[in-house]
Amino acid sequence: MSKKFLIPIGPYHPLQEEPELFKLYCEGEIVKDIKWETGYNHRGIEKLSESKTYDQVFFLVERICGICSTSHPFAFANAVEEICRIEVPDRAKYIRSIIGELERIHSHLLWVGLAGHFLGYNTVFMWAWKYREPVLDLFEMITGNRNSYAMFKVGGVRRDIEAAKIPAIRKVLAEVKKKTDLLTGAVMDDPVIHARTKGVGILTKEDILDYGAVGPTARASGVAIDVRKDDPYAAYPLVNWKVITAEEGDVFAKAKVRLLEMYESISIIEQCLDGLLKEKEGDIAVKVKNIPEGMGTGRAEAPRGEVFHCVFSDGSNSPARHKIRAPSYVNIATFKKSCIGQSISDATISLAAVDPCYCCTERMAVAYDISTGKRIMNGAEILKASAEKTREIMSKLK
Amino acid sequence: MGFKSFCFKKSLWVFHFGGASCNNCDIEILDCLTPRYDLERFGILLVGSIRHADVLLVNGSINMRDRDRLIEIYNQAPKPILVVAIGACGCTGGIFAEGNTFAGPVDKIIPVDAYIPGCPPKPEAIIAGLVKLVNSSNPFKRDK
Numbered sequence: 001m002s003k004k005f006l007i008p009i010g011p012y013h014p015l016q017e018e019p020e021l022f023k024l025y026c027e028g029e030i031v032k033d034i035k036w037e038t039g040y041n042h043r044g045i046e047k048l049s050e051s052k053t054y055d056q057v058f059f060l061v062e063r064i065c066g067i068c069s070t071s072h073p074f075a076f077a078n079a080v081e082e083i084c085r086i087e088v089p090d091r092a093k094y095i096r097s098i099i100g101e102l103e104r105i106h107s108h109l110l111w112v113g114l115a116g117h118f119l120g121y122n123t124v125f126m127w128a129w130k131y132r133e134p135v136l137d138l139f140e141m142i143t144g145n146r147n148s149y150a151m152f153k154v155g156g157v158r159r160d161i162e163a164a165k166i167p168a169i170r171k172v173l174a175e176v177k178k179k180t181d182l183l184t185g186a187v188m189d190d191p192v193i194h195a196r197t198k199g200v201g202i203l204t205k206e207d208i209l210d211y212g213a214v215g216p217t218a219r220a221s222g223v224a225i226d227v228r229k230d231d232p233y234a235a236y237p238l239v240n241w242k243v244i245t246a247e248e249g250d251v252f253a254k255a256k257v258r259l260l261e262m263y264e265s266i267s268i269i270e271q272c273l274d275g276l277l278k279e280k281e282g283d284i285a286v287k288v289k290n291i292p293e294g295m296g297t298g299r300a301e302a303p304r305g306e307v308f309h310c311v312f313s314d315g316s317n318s319p320a321r322h323k324i325r326a327p328s329y330v331n332i333a334t335f336k337k338s339c340i341g342q343s344i345s346d347a348t349i350s351l352a353a354v355d356p357c358y359c360c361t362e363r364m365a366v367a368y369d370i371s372t373g374k375r376i377m378n379g380a381e382i383l384k385a386s387a388e389k390t391r392e393i394m395s396k397l398k
Numbered sequence: 001m002g003f004k005s006f007c008f009k010k011s012l013w014v015f016h017f018g019g020a021s022c023n024n025c026d027i028e029i030l031d032c033l034t035p036r037y038d039l040e041r042f043g044i045l046l047v048g049s050i051r052h053a054d055v056l057l058v059n060g061s062i063n064m065r066d067r068d069r070l071i072e073i074y075n076q077a078p079k080p081i082l083v084v085a086i087g088a089c090g091c092t093g094g095i096f097a098e099g100n101t102f103a104g105p106v107d108k109i110i111p112v113d114a115y116i117p118g119c120p121p122k123p124e125a126i127i128a129g130l131v132k133l134v135n136s137s138n139p140f141k142r143d144k
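Chains as they are written, first to last, in my numbering: chain S, 1 to 398; chain W, 1 to 144.
Next comes the structure, spelled out in structure tokens:
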């Protein structure tokens, strides 16, 4: 009988940008079980959000995740606008969609690069990141910052895209499209990438439905879910585009879906720019006097899948409760299916294939006692502890 | 110029510690190493182990779970080591400073030699910060 051993990856591993810990239980070369530990990235954002005004929350939710820093404000804006029952102007819708799609392009390029890096194929990494730069320059031109764009507010957007900027945007898009062709050709034809990614980390349609996975992870297994189509928001119902799916469910299919999605994004942006030219310049936001009492939910399709925000308002200046659910939260769980039974060298790319984003995911941390496996604190216990502390302080005051 | 400063003039190897960050600074640090900015032409290389590093780049707010690990990594580092706090969160805690899990900015936990503010700092800013640090007559001012 072969011996079982444990390979820890992380929490501060050169392979990862973010702190997280994977424990691979192996027998020989084969991964038999996988566990992961997070909590290194917990910042208490939901609680912080309750102490900020609605305008400030946009800057906070933008910093949940730097790579998908439009999708969180997008979902939050959708949620708050549902509470207020307001419709944003068409021009604002187009601008929102343009920013969202540009972000999808830069995020997918970033993923292609990182996937190449995980395969030990650093040429792909360097090239993809080089081609990503023009998109970031475009962001800098439109919003003033390369990441964290601060474009959203309740009722519209903060800045306009003037007609004078549109030719420059089109020029960059044409350039990005050319480079995407090149990159797609290189990835699709490369025998090494084929050998390393085909048939690796397969997730079947049933697995996706069992785990509730979303985004490109689900679409690569033939489940055509996309919030932009299923629950249309912003300018997505106003333009023509299609949901990209693949059937295989392996890492190669996920790469293919992402690369082809970039073409759809470019086409969406082109159509939105056409739409912008028809609308009156400067009409980018409606005035919102106050946020009424109520509950609103907002969804948005981030590059990684569906972002869900639920906001409770008590009529005051700041949210009474703000719940955030990021796509990686469900996608990470599919590791149980995709990694077990593979060799260790294939596990890394399977882990990377869902494009996990831990800073998005970490909304709550629970401590477990290692020796007994028992939960140390749960929600009720924390409440109890808090109530006890209040009583203690009250008794001291008397 | 002292011996230590002389040794830190060329070919700095950096180790990247991402605390509880939002990834923005992480991807900007990686951006510095990719073809557009290409810090590697100056011999600045991202290494996998802190034991090989001359510079420790810390970004992101540090939460209670990260704090002990940051101290551990700092202790494992070969001394002398330059510590650079990158981004608003690394320098001050930024928007997360009021969070319930925040465990103090980086300089409250380990000694810091240079601060590169910004949310996120542009790659140009990161490069400028590193160049200023290397070119300063004595990067190890805190040793005095």
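Built from N, CA and C at the ideal position, the CB exists for glycine as well.
Note that the structure is predicted; figures quoted are calculated from it, not measured.
Rounded to whole angstroms, what is the Cα-Cα separation between W:A97 and S:K205? Their Cα atoms are separated by approximately 43 Å.
Looking at the structure shown, is S:K4 part of a helix, part of a strand, or coil, going by DSSP? In the three-state reduction of the DSSP assignment, S:K4 falls in the strand class.
Short CB-CB distance (under 7 Å) between W:N135 and chain S: No, no contact with chain S.
List the endpoints of the continuous beta strand (DSSP E) containing S:R304. Counted as a single uninterrupted DSSP element, the stretch harbouring S:R304 is not any beta strand (DSSP E), since DSSP gives it neither H nor E.
Using CA coordinates, which residue listed in W:N24, W:D68, W:R65, W:Q76 is at the minimum distance from W:A53? Looking at W:N24, W:D68, W:R65, W:Q76, the one whose alpha-carbon comes closest to that of W:A53 is W:Q76.
Just the C-alpha distance for S:L48 and S:N41, rounded to the nearest angstrom, thanks. Those two C-alpha atoms are separated by around 15 Å.
Test item: CB-CB of W:F102 and W:G93 under 7 Å: Yes, the Cβ-Cβ distance between W:F102 and W:G93 is below 7 Å.
Mind checking if W:V14 is an interface residue toward chain S, Cβ cutoff 7 Å exclusive? Not closer than 7 Å to any Cβ of chain S, the Cβ of W:V14 fails to qualify, so no.
Give the straight-line distance between the Cα atoms of S:P191 and S:S345, rounded to the nearest whole angstrom. C-alpha separation (whole angstroms): 18 Å.
Among S:F252, S:A347, S:P134, which residue has its Cα nearest to the Cα of S:T184? The shortest C-alpha separation from S:T184 is found at S:F252.
In chain order, which alpha helix (DSSP H) runs of at least 4 residues are fully inside the region 181-209 of chain S? With a minimum length of 4 residues, the continuous alpha helix (DSSP H) runs that stay inside the region 181-209 of chain S are 191-197.
For the region 36-48 of chain S, list every residue whose C-beta sits within 8 Å of some C-beta in chain W, in sequence order. Taking a C-beta cut-off of 8 Å against chain W, the contacting residues of the region 36-48 of chain S are G39, Y40, N41, H42, R43, G44, I45, K47, L48, listed in chain order.
7 Å Cβ cutoff met for S:V61 and S:H72: Yes.
Measure the C-alpha to C-alpha separation of S:I45 and S:E18 and round it to an integer number of angstroms. When the Cα atoms are used, S:I45 and S:E18 turn out to be separated by approximately 17 Å.
Can you list the residues of chain S that W:I27 reaches, using a CB-CB cut of under 8 Å? Neighbours of W:I27 on chain S, chain order: E17, G66, I67, L110, N147.
Looking at the C-beta of W:G99, does it have a partner C-beta in chain S at a distance below 7 Å? Chain S contact via Cβ: present.
Looking at chain S, is there any beta carbon in it that lies within less than 7 Å of the beta carbon of W:F96? Yes, because at least one Cβ of chain S sits closer than 7 Å to the Cβ of W:F96.
Against chain S, with Cβ distances strictly below 7 Å, would W:T34 count as a contact? Chain S contact via Cβ: present.
Can you tell which of S:S97, S:L6, S:P232 has its C-alpha closest to the C-alpha of S:L24? Minimum Cα distance to S:L24 is reached at S:L6.
Could you name the residues of chain W that S:L238 contacts, counting a contact when the two beta carbons are closer than 8 Å? Within 8 Å Cβ-Cβ: nothing; S:L238 doesn't reach chain W, min ~31 Å.
Taking the C-alpha atoms as reference points, what is the distance between S:W241 and S:C272? Rounded to the nearest angstrom, the gap between the Cα atoms of S:W241 and S:C272 is 12 Å.
Helix or strand or just coil, what does DSSP make of W:V58? The answer is strand: DSSP assigns W:V58 an E or B state.
How would you call W:I126, buried or exposed, if buried means at least 16 neighbouring beta carbons within 10 angstroms? Buried, because 16 or more other Cβ atoms sit within 10 Å of the Cβ of W:I126.
Where does the unbroken beta strand (DSSP E) through W:H16 begin, and where does it stop? That run of the beta strand (DSSP E) goes 13-18.
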